[in-house]
Every structure is written in structure tokens, then in C-alpha cells.
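J.: Numbered per this note's numbering, the sequence shown spans residues 1 to 292.
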Amino acid sequence: MTAARLLCLTLGSAAVSACVASKQDVLLLQTDLKAMRAEYAYRDSTRRVQFDSVIRTMVILNDSLRGLKGEIASFQGNVLGDLFKVRDGLIEIRSLTGQSQSRITELRAELEQRNSQSAPATVPPTTTPPTSPSTAPVTSPAATPTTSVKPADSSTSPAMSAPATGAPGPNQLYTMALDQLRRGSTSAARAGFTDFLAQYPQHERAGDAQYYIAETLERDTKALDAEAAYLSVYTRFPRSEKAPTAMFKRSALLRTQGKADKAREVLDLLVKTYPRSDEADLARERLRSTSP
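Below, the structure written as C-alpha cells:
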């Protein structure tokens with residue numbers, strides 16, 4: 001009996017101690033869990049604060065980017081507006097320059113016409129060498145002196161051997177051909193410009209004359225001849241104001257003939273040779289719109 005009681009007491013004390021130990025472990029575990037939860041909560045709050053800070057920074061950056069985009073767009077618009085104004089000014093200047101040159105040509109033509117009308121086309125008087133008294137023939141007082149005027153030889157007369165004073169000068173010839181073109185007489189205008197080039201190939205208006213020859217051919221639906229004539233404008237007269245226009249028109253004619261690659265080559269050459277011309281801007285747009 002005594003041994004049994006001792007065994008029971010031992011087991012009971014062990015159970016009590018085990019229960020006490022289990023409660024302590026549970027309390028420790030709960031404390032650790034609370035600490036971990038607090039730590040995680042702190043970390044989450046810190047991360048949330050950092051995340052909120054990042055979001056606020058991104059919002060500020062987005063607002064700044066939007067503001068910069070608006071400023072850039074406004075700046076680009078202002079620059080484009082200024083460029084268009086400059087371009088319009090250059091076009092106006094070129095137009096005024098062309099009008100001034102046309103007016104100068106007309107004034108020169110009028111001056112040449114007046115000079116040709118005012119110049120006397122008279123035959124210079126013939127002179128006879130003086131005779132000495134000893135060799136002068138003696139005539140009777142009753143005799144009536146007769147003089148015979150020898151007609152001037154057309155092959156030796158100075159007035160006839162020089163160019164006719166009534167012939168039109170270069171500016172007058174150019175103006176007359178241009179007037180024919182304005183009236184729609186393409187054949188007469190082409191003949192006048194061809195005559196002008198034949199007589200004055202180095203004249204300052206020679207390039208313009210070649211251009212108008214090409215234009216008359218194009219109006220007469222002679223596409224091949226017009227294309228060749230436009231080619232002559234910028235190959236023979238590369239400094240002419242009509243050279244870039246001739247290149248652009250030749251490209252258009254080549255395109256109508258089904259020569260798209262050749263037309264693009266001419267446009268590329270136009271952009272490289274005359275990059276600041278209005279025709280170069282048109283060529284760039286045409287190249288972008290027809291890019292393969």
C-alpha cells in the first residue's frame with residue numbers, strides 16, 4: 001500500500017509540474033507571437049510609409065513630366081510658328097524679288113526699245129578729197145554745176161554692216177517671249193525663248209528662258225521633251241532661281257511616266273542641292289509620303 005501511494009504521489013506531482021510547464025510554454029509562445037506580430041506590424045507600417053512616399057514621389061514626377069510635356073509642346077508650337085513665319089517671309093521676299101527682277105527686265109526692254117527708236121538710221125555723207133588750186137578744173141561762169149550722188153554700196157556702208165538699230169535687245173526679246181507665254185501662245189513663246197538663248201546664252205535670264213521652254217512643252221503635253229528641258233535647266237544653269245522648281249517638276253513628270261525610283265532620285269538630289277528652298281520642303285514631304 002505504501003509503495004502504491006508513493007507511486008501515485010510521484011505521478012501526480014509530475015503531472016502537476018508538466019501542466020505548469022505547459023502553461024509557461026504557452027505563455028512564452030504567446031509572448032513571442034505578440035512580439036512577432038508587433039514587429040511585422042511595425043515593418044508593415046514602415047513599408048507602407050515608404051510605399052506612400054514612393055507613390056507621392058511618382059505623382060510629383062508625373063505632374064512634373066506633364067508640365068514639361070506641356071512646356072515642350074508649347075515651345076515646339078512656338079518654334080514651328082516662328083519657322084512658318086520665317087518661311088512665309090522668305091516666300092514673300094522671293095516673290096518681291098521676282099517682281100523686282102521682272103520689272104527691271106521690263107524697264108531694260110523699254111530702254112532698249114527707246115534707244116532703238118531714237119537712234120538715227122541715216123547714211124553718213126560721202127566726202128571728196130580736197131583739190132589744190134593748181135589742179136582744180138576751171139569752169140565757165142555760164143556753166144551750171146552739176147553734182148551726182150553715188151548710191152551707197154550696201155556691202156561697204158557702215159550703217160548697213162552694223163546690226164540693225166531697230167532689232168530688239170536681250171531684255172526686250174525676253175519680255176516679248178514672256179508676254180506670249182502669258183497670253184497662252186506657247187509656240188510663239190517657245191520660239192522667242194529659244195531665239196533668246198541662241199543669241200544670249202550667258203544672259204542672267206538664260207536659266208529662266210530654258211525653264212519657260214520646258215513649261216511650254218509641258219503645256220503642249222510633250223512630256224518627254226519637257227522632262228529633258230527641265231533637266232537642262234539645273235544642269236546648264238544650276239544657279240538659276242528656277243533650278244529647284246525645274247527639279248521638282250521633272251520628278252513629277254517622271255512619276256507620271258511610271259519611273260518612281262528615278263523620281264525619288266531627283267527629289268533626293270533636290271533636297272541635297274537646294275536644302276533651303278521651298279521646293280526642298282515639298283520634296284521632303286513627297287519622299288515621306290511615298291516611302292516604301
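We treat Cβ as the ideally placed atom computed from N, Cα and C, and that holds for glycine.
Specify the secondary structure class of residue 220 as computed by DSSP and reduced to three states.
T.: coil
J.: Just to confirm before moving on: does the CB-CB distance between residue 280 and residue 253 stay below 9 Å?
T.: Taking C-beta atoms as the reference points, residue 280 and residue 253 fail to come closer than 9 Å.
J.: How far does the alpha helix (DSSP H) with residue 187 in it extend, from its first residue to its last?
T.: 186 to 199
J.: Helix, strand or coil for residue 277, going by three-state DSSP, please let me know.
T.: In the three-state reduction of the DSSP assignment, residue 277 falls in the coil class, being assigned neither a helical nor a strand state.
J.: Is residue 28 near the ligand ATP - that is, is its Cβ less than 8 Å away from at least one heavy atom of it?
T.: Absence of the ligand ATP is noted for the structure shown, with no ligands found whatsoever.
J.: Taking only three categories from DSSP, how would you classify residue 121?
T.: The predicted position of residue 121 is uncertain, since its pLDDT is 47 and thus under 50; a value taken from the coordinates is nonetheless stated next. Three-state result, residue 121: coil.
J.: Exposed or buried, what is residue 307 when buried is set at 16 or more other beta-carbons lying within 10 Å of its beta-carbon?
T.: Examination of residue 307 is not possible in this model, given that the chain is present from 1 through 292 alone.
J.: When the Cα atoms are used, what is the spatial distance from residue 211 to residue 242?
T.: The straight-line gap from Cα to Cα measures roughly 7 Å.
J.: How would you label residue 138, buried or exposed, when you count the other beta carbons within 10 angstroms and need 16 or more for buried?
T.: Only weak support is given to the placement of residue 138: the predicted model assigns it a pLDDT of 38, under 50, and the value that follows is read from those uncertain coordinates. So residue 138 counts as exposed.
J.: Relative to the alpha-carbon of residue 249, which residue among 275, 282, 236 and 239 has its alpha-carbon at the smallest distance?
T.: Nearest in C-alpha terms to residue 249, of all of 275, 282, 236 and 239, is 282.
J.: Go to residue 175, then tell me how far its alpha helix (DSSP H) extends in each direction, as first and last residue.
T.: 170 to 182
J.: Excluding the 5 residues preceding and the 5 following residue 240 in the sequence, name in chain order all residues of the same chain whose CB lies nearer than 6 Å to its CB.
T.: Contacts found: 207.
J.: Buried or exposed: residue 202, going by 16 or more other Cβ atoms within 10 Å of its Cβ?
T.: exposed
J.: With a threshold of 9 Å between beta-carbons, can residue 60 be considered close to chain C, or not?
T.: The question asks about chain C, but that chain is absent: this structure has only one protein chain.
J.: When you compare the region 169 to 177 with the region 191 to 198, are there three or more beta-carbon pairs, one atom per stretch, that lie closer than 8 Å?
T.: Contact between the region 169 to 177 and the region 191 to 198 is established, with three or more Cβ pairs separated by less than 8 Å.
J.: With distance defined between alpha-carbon atoms, name the residue in 271, 221, 284 and 277 nearest to residue 256.
T.: Out of 271, 221, 284 and 277, 221 has the C-alpha closest to the C-alpha of residue 256.
J.: What three-state label does DSSP hand residue 284 in the structure shown?
T.: helix
J.: Could you check the C-alpha separation between residue 68 and residue 259 for me, to the nearest Å?
T.: 46 Å
J.: Residues in its own chain within less than 7 Å of residue 235 by CB, not counting five upstream and five downstream?
T.: none
J.: Could you give the residue range of the alpha helix (DSSP H) that holds residue 255?
T.: 243 to 256
J.: If you draw a straight line from the C-alpha of residue 58 to the C-alpha of residue 51, how long is it?
T.: C-alpha of residue 58 to C-alpha of residue 51: approximately 10 Å in a straight line.
J.: With 16 other CB atoms within 10 Å as the buried threshold, where does residue 247 fall?
T.: Buried.
J.: Classify residue 167 as helix, strand or coil using the three-state DSSP reduction.
T.: coil
J.: Rounded to a whole number of angstroms, what is the C-alpha to C-alpha distance between residue 231 and residue 224?
T.: When rounded, the distance between both Cα atoms is 11 Å.
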